[in-house]
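Heads up: the sequence shown at position 110 corresponds to 109 in numbering that gives the first Met the number 0, and the numbers run straight through without jumps. Following: one structure in structure tokens, then a few remarks.
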Amino acid sequence: MKNLPKRIISGVLFFALLVLAIYVEPHAFPAMAAMVIIYSLREFFAMSISPDVRVWQAERFLGQLSAVCIFALSFCAIQGFIPARMMLLEVIPVTALMVAPIFRKDHSDMQNMAYIFAGIAYIAVPVCTWTFLMGRCEGKDGLLLLCVFSMIMVSDVGAYTLGTLLGQKPTSRKLAPSISSKKSWWGFAGSVIFGAGIAFAEKALGWIDFPIVHCIAIGIISSVAGVAGDLVESLWKRKFGVKDSGTAIPGHGGVYDRFDSSFTAVPLVVAYLIAFSLI
Numbered sequence: 000m001k002n003l004p005k006r007i008i009s010g011v012l013f014f015a016l017l018v019l020a021i022y023v024e025p026h027a028f029p030a031m032a033a034m035v036i037i038y039s040l041r042e043f044f045a046m047s048i049s050p051d052v053r054v055w056q057a058e059r060f061l062g063q064l065s066a067v068c069i070f071a072l073s074f075c076a077i078q079g080f081i082p083a084r085m086m087l088l089e090v091i092p093v094t095a096l097m098v099a100p101i102f103r104k105d106h107s108d109m110q111n112m113a114y115i116f117a118g119i120a121y122i123a124v125p126v127c128t129w130t131f132l133m134g135r136c137e138g139k140d141g142l143l144l145l146c147v148f149s150m151i152m153v154s155d156v157g158a159y160t161l162g163t164l165l166g167q168k169p170t171s172r173k174l175a176p177s178i179s180s181k182k183s184w185w186g187f188a189g190s191v192i193f194g195a196g197i198a199f200a201e202k203a204l205g206w207i208d209f210p211i212v213h214c215i216a217i218g219i220i221s222s223v224a225g226v227a228g229d230l231v232e233s234l235w236k237r238k239f240g241v242k243d244s245g246t247a248i249p250g251h252g253g254v255y256d257r258f259d260s261s262f263t264a265v266p267l268v269v270a271y272l273i274a275f276s277l278i
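Written out as structure tokens, the structure reads:
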């Protein structure tokens, strides 16, 4: 629990930045999302390829460029700034990335290309779904995205709190012991309780105008999918033998550590809302 105050403080400050970029000045949202993609990919490549940025430098750069282009074109198409067919322009940087290794002298470590494309699919594509919760980037259109982010963050606090208080006892059952030795079913329960609770509170405050059953549903989806996203990152970190993806955010680790849950939670929330014609 000694790390909890730092975790909460950094989380509150970080959420304040999200409020500024999404709600107060929503036109800053594309820049914020692009930075999340760039820094998350940078940390992912440091884990999977090498901490030395000079290793596979050109391919790393093309990977980040491809990811940002995928987001930018998707954002513009979803917002209606460009025709949907213009999204096909994404193939240009992606093709350049595919071709780049041809010019390498050493092809013994071609598995790095798989990690680069995995990073794009795992990070950039989910971030594209954030745009569906932004509306037209004016007025209060960013409020729904902020509410979903708050569900994910509060769920994380609930998992950390209940998991630390009750989930570390010798008799406590672990959620996925082969992946994470600390995550427990108590922590999972805390995540779901806090996620549903914050969703109920946001509905009561009038921040979300969906029927209460749907608010509770997206709160639960956010928490469950958030835990799954955290476990997915734990799989990667266990494979590459690292504790945190970075050190950018005190109490949380890197940018990738902070947003790992949102890479699974937001897409599933968007899918739920679309399935029920709520957006």
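Even glycine gets a Cβ: it sits at the ideal position worked out from N, Cα and C.
inquiry  = Quick check on this structure: which residue in Ser107, Ile37, Phe116 and Leu272 has the alpha carbon closest to the alpha carbon of Thr331?
reply    = With the chain covering only 0 through 278, there is no way to say anything about residue 331.
message = Judging by CA-CA distance, which residue of Ile101, Pro100, Lys104 and Ala66 is the nearest neighbour of Ile91?
response = For the purposes of this step, residue 91 is taken as residue 92 along the sequence shown, with counting starting at 1. Minimum Cα distance to Ile91 is reached at Ala66.
ask   = Mapping DSSP to helix, strand and coil, what is Leu164?
value = Here residue 164 corresponds to residue number 165 of the sequence shown, with the count starting at 1. Helix.
request  = Label Gly138 either buried or exposed according to how many other C-beta atoms from any shown protein chain fall within 10 Å of its C-beta, with 16 as the threshold for buried.
outcome  = Residue numbering aside, residue 138 sits at position 139 when the sequence shown is read from its first letter. Note that Gly138 scores a pLDDT of 45, beneath 50, so its modelled location is shaky and nothing firm can be said.
task = Please say whether Ser190 and Gly225 have beta carbons closer to each other than 8 Å?
result = Walking along the sequence shown from the start, residue 225 turns up at place 226. Walking along the sequence shown from the start, residue 190 turns up at place 191. It is a contact, given that the beta carbons lie within the stated cut-off.
query = Which residues does DSSP pair with Tyr173 in a beta bridge?
reply = Here residue 173 is taken as the residue at index 174 of the sequence shown, counted from 1. The identity of residue 173 in the sequence shown is Lys, whereas the question assumes Tyr. DSSP lists Ser183 as partners of Lys173.
task = Report, in whole angstroms, the separation of the C-beta atoms of Glu58 and Met112, which I expect to be a contact under 8 Å.
result = Taking the sequence shown and counting its residues from 1, one reaches residue 58 at position 59. Taking the sequence shown and counting its residues from 1, one reaches residue 112 at position 113. 7 Å between Cβ atoms; contact.
query = Any C-beta of chain C sitting closer than 8 Å to the C-beta of Ile48?
reply = Going by chain labels, chain C is absent from the structure shown, which holds only one protein chain.
ask   = Taking only runs of the alpha helix (DSSP H) that begin and end inside the region 87 to 161, which ones reach a length of at least 4 residues, in chain order?
value = 90 to 98, 110 to 118 and 124 to 128
key: Gln63 burial status per 10 Å Cβ neighbour count (16 or more: buried)   = As a working mapping, residue 63 is identified with position 64 in the sequence shown. With 16 or more other Cβ atoms within 10 Å, it is buried.
task = Return yes when the Cβ of Cys146 is within less than 8 Å of the Cβ of Ile69, no when it is not.
result = Translated into positions along the sequence shown, residue 69 becomes position 70. Translated into positions along the sequence shown, residue 146 becomes position 147. No, Cβ-Cβ distance for Ile69 and Cys146 is not below 8 Å.
query = What is the DSSP secondary structure of Gly252, reduced to helix, strand or coil?
reply = As a first step, residue 252 must be located in the sequence shown, where it is residue number 253. In this structure, Gly252 counts as strand in the three-state DSSP scheme.
task = State the Cα-Cα distance for the pair Met46 and Ala264, rounded to the nearest angstrom.
result = In the sequence shown, the residue the question calls residue 46 occupies position 47. In the sequence shown, the residue the question calls residue 264 occupies position 265. Going by the C-alpha atoms only, they are around 23 Å apart.
request  = Return the residue from the list Tyr22, Ala30 and Ile217 that minimises the CA-CA distance to Ala270.
outcome  = Here residue 270 corresponds to residue number 271 of the sequence shown, with the count starting at 1. Residue Ile217 is the option with its Cα nearest to Ala270.
query = Quick one: is Thr160 buried, meaning 16 or more other Cβ sit within 10 Å of its Cβ, or exposed?
reply = As a first step, residue 160 is located in the sequence shown; it is residue number 161 there, counting from the start. Buried, since its Cβ has 16 or more Cβ neighbours within 10 Å.
request  = Leaving aside the five residues before and after Arg135 along the sequence, list all residues of the same chain whose C-beta is less than 6 Å from its C-beta, in chain order.
outcome  = Along the sequence shown, read from residue 1 onward, the residue named residue 135 stands at position 136. With a pLDDT of 46 at Arg135, under the threshold of 50, the predicted position of this residue should be treated as unreliable, though the coordinate-derived value follows. So the list is empty, once near-sequence residues are dropped.
inquiry  = Using C-beta distances below 7 Å, list every residue in its chain close to Phe243, excluding the 5 sequence neighbours before and after it, in chain order.
reply    = In the sequence shown, the residue the question calls residue 243 occupies position 244. According to the sequence provided, residue 243 is Asp. The question's Phe does not apply to it. So the list reads Gly252, Gly253 and Asp256, once near-sequence residues are dropped.
query = What is the DSSP secondary structure of Ile211, counted as helix, strand or coil?
reply = Taking the first residue of the sequence shown as 1, we reach residue 211 at position 212. Helix at Ile211.
Through-space distance from Trp184 to Leu174, alpha-carbon basis = Looking up residue 174 in the sequence shown gives position 175. Looking up residue 184 in the sequence shown gives position 185. Going by the C-alpha atoms only, they are around 5 Å apart.
inquiry  = According to DSSP, simplified to helix, strand and coil, what is Val52?
reply    = One-based indexing of the sequence shown puts residue 52 at position 53. Reduced to three states, the DSSP call for Val52 is coil.
query = Three-state secondary structure (DSSP) at Pro82?
reply = Working through the sequence shown from its first residue, we reach residue 82 at position 83. In this structure, Pro82 counts as coil in the three-state DSSP scheme.
ask   = Assuming Gly194 and Ser221 make a contact with CB atoms under 8 Å, what is their CB distance in whole Å?
value = By one-based count along the sequence shown, residue 194 stands at place 195. By one-based count along the sequence shown, residue 221 stands at place 222. Correct: roughly 5 Å between the Cβ atoms.
ask   = With respect to the alpha helix (DSSP H) encompassing Ile273, which residues constitute its N-terminal and C-terminal limits?
value = Mapped onto the sequence shown, residue 273 falls at position 274. Per DSSP, Ile273 belongs to the alpha helix (DSSP H) from Ser261 to Ala274.
task = Evaluate Lys202 with the Cβ neighbour count: other Cβ atoms within 10 Å of its Cβ, from every protein chain shown; 16 or more gives buried, anything less gives exposed.
result = For this step, residue 202 is matched to residue 203 along the sequence shown. Buried, by the Cβ-count rule.
request  = Just mark Met133 as buried or exposed, buried being the case when its beta carbon has 16 or more other beta carbons within 10 Å.
outcome  = Here the question's residue 133 lines up with position 134 in the sequence shown. Buried, since its Cβ has 16 or more Cβ neighbours within 10 Å.
Where Asp105 falls, given that 16 or more other Cβ within 10 Å makes a residue buried = Here residue 105 refers to the residue found at position 106 of the sequence shown. Its Cβ having fewer than 16 others within 10 Å, Asp105 is exposed.
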